[in-house]
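Reading through the structure tokens given below for one structure.
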Amino acid sequence: MLALQPPAFALVCVALWLVQLALDLLLLFFGDGLERDAAQRWLIVNACGAALLGGLLVGQLPRALRWRPRRSVRPSPELKQERQRIARGLHDQVGSQLVNAMALVDARDPTAQPLMRALEQCLLDLRLLVDSMDGDDDALPDCLARLRHRIQPALDRRGIALAWDIALPDGVAVPTGAPARALTGIVQEAVSNVLQHSGASLLRIALRHAGPPQGGEWRLEVADNGRGLPMDAPHGPSGHGLAGMHRRAASVSGTLRLAPAEGGGTAVQVRVPG
């Protein structure tokens, strides 16, 4: 019972006590002599139980006060601080270990290139994860700018040109919070696919708003000129994070589809209500 949420715990305790009290009162007023004696004894027990119940409820009060704010959609300042602390720990400790591991790899050895690319991808994913933990309420343009800063070195090392086509019309509220995180996560996963699987030489990331300023929809596209992915499966081939991208889009009432990109390759197209 102690594992229940505080309000439920309190209600269960009070309900049990009231049932017992009602039975005792019925016996006290309507029972015979023996039943009345028993009811009086049970009333004494109930008084002790009420004292114990009061102590339990008082003990649960601090937990209840802490639990209530967590029902808010927005994270508490304490939760934000803890996430930032974890993010710094990941960056400083795990990130430094990955950098040290990359320094031990002989970049001139052709057989070591797959290992170097895997370490680079791990480091990139870690930095993007840290960024997402550290910027919970950032607007979409800020999230995408931070993502661009992180992916540009990896694109340069692989000789992939980046076409950055982000259009933000005046008078239109840009996504923040959950929609911004979802769209940024989709771009991140799509870019990861390009880096690991496409063999592309060009990556294009485009963002547009369509429809009236109040409402409409945001249209995001991540396209490459690489080998392309088969389009026959509902969520695309396994092993490319496509199911996760679909879930991210659906979590903000959006849609995602794969389409052939101009000049070959794959285009990940997302539409999210504005």
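The numbering of the sequence shown is numbering that gives the first Met the number 0, which starts it at 0 and goes up by one.
For glycine and all other residues, C-beta sits at the position ideal for the given N, C-alpha and C.
Everything numeric in this text was worked out from a predicted model, so none of it was measured.
Reduced DSSP category for residue i - H, G, I as helix; E, B as strand; rest coil
| i | result |
| --- | --- |
| Ile204 | strand |
| Ala266 | strand |
| Val171 | coil |
| Val228 | At residue 228 the sequence reads Leu, which differs from the Val that was named. Coil at Leu228, not helix or strand. |
| Asp155 | helix |
| Pro76 | helix |
| Ala140 | Checking the displayed sequence, the identity of residue 140 turns out to be Pro instead of Ala. In the structure shown, Pro140 sits in a helix (DSSP, three-state: H, G or I). |
| Asp105 | coil |
| Pro212 | coil |
| Glu220 | strand |
| Ala260 | coil |
6 Å CB neighbourhood of residue i in its chain, flanking five on each side removed
| i | result |
| --- | --- |
| Ala189 | Val221 and Val267 |
| Pro113 | none |
| Asp105 | Ala111 |
| Arg246 | none |
| Pro109 | none |
Closest residue to residue i among the options (Cα-Cα distance)
| i | options | result |
| --- | --- | --- |
| Arg95 | Arg147, Leu123 and Pro109 | First, the residue type needs correcting, since residue 95 is Ser and not Arg in the sequence shown. For the residues Arg147, Leu123 and Pro109, the minimum Cα distance to Ser95 belongs to Leu123. |
| Gly144 | Asp223, Ala249 and Gly184 | Correcting the residue identity first, residue 144 is Ala in this sequence and not Gly. Nearest C-alpha to Ala144: Gly184. |
| Ile274 | Met101, Gln195 and Leu125 | Residue 274 cannot be examined here, being either before or after the span of the chain that is shown, 0 to 273. |
| Gly243 | Cys142, Ser191 and Ser197 | Ser191 |
| Leu154 | Arg87, Leu201 and Gln80 | Leu201 |
| Met115 | Glu77, Arg156, Gln80 and Arg87 | Arg156 |
| Ala177 | Gly170, Gly88, Cys142 and Asp169 | Cys142 |
| Pro168 | Leu103, Arg87, Pro140 and Asn99 | Pro140 |
| Ser197 | Gln80, Ile159 and Arg87 | Ile159 |
Pair within 8 Å by beta-carbon distance, residue i and residue j
| i | j | result |
| --- | --- | --- |
| Leu182 | Pro174 | yes |
| Gly225 | Val193 | yes |
| Thr265 | Leu257 | yes |
| Met101 | Leu118 | yes |
| Gln120 | Gln213 | no |
| Val269 | Ala248 | yes |
Contacting residues, own chain, Cβ-Cβ under 8 Å from residue i (five flanking each side not counted)
| i | result |
| --- | --- |
| Ser252 | Val271 and Pro272 |
| Gly210 | Glu216 and Gly273 |
| Ala138 | Val173, Pro174, Thr175 and Ala179 |
| Leu97 | Leu118, Cys121, Leu122 and Leu125 |
Integer-rounded CB distance, given that residue j should sit under 8 Å from residue i
| i | j | result |
| --- | --- | --- |
| Asp164 | Arg149 | In fact, because the Cβ distance is near 18 Å, the residues do not count as touching under 8 Å. |
| Ala166 | Arg207 | 5 Å |
| Ala199 | Asp223 | 4 Å |
| Gln187 | Leu146 | 6 Å |
| Gly227 | Gly262 | Not confirmed; about 10 Å, so no contact. |
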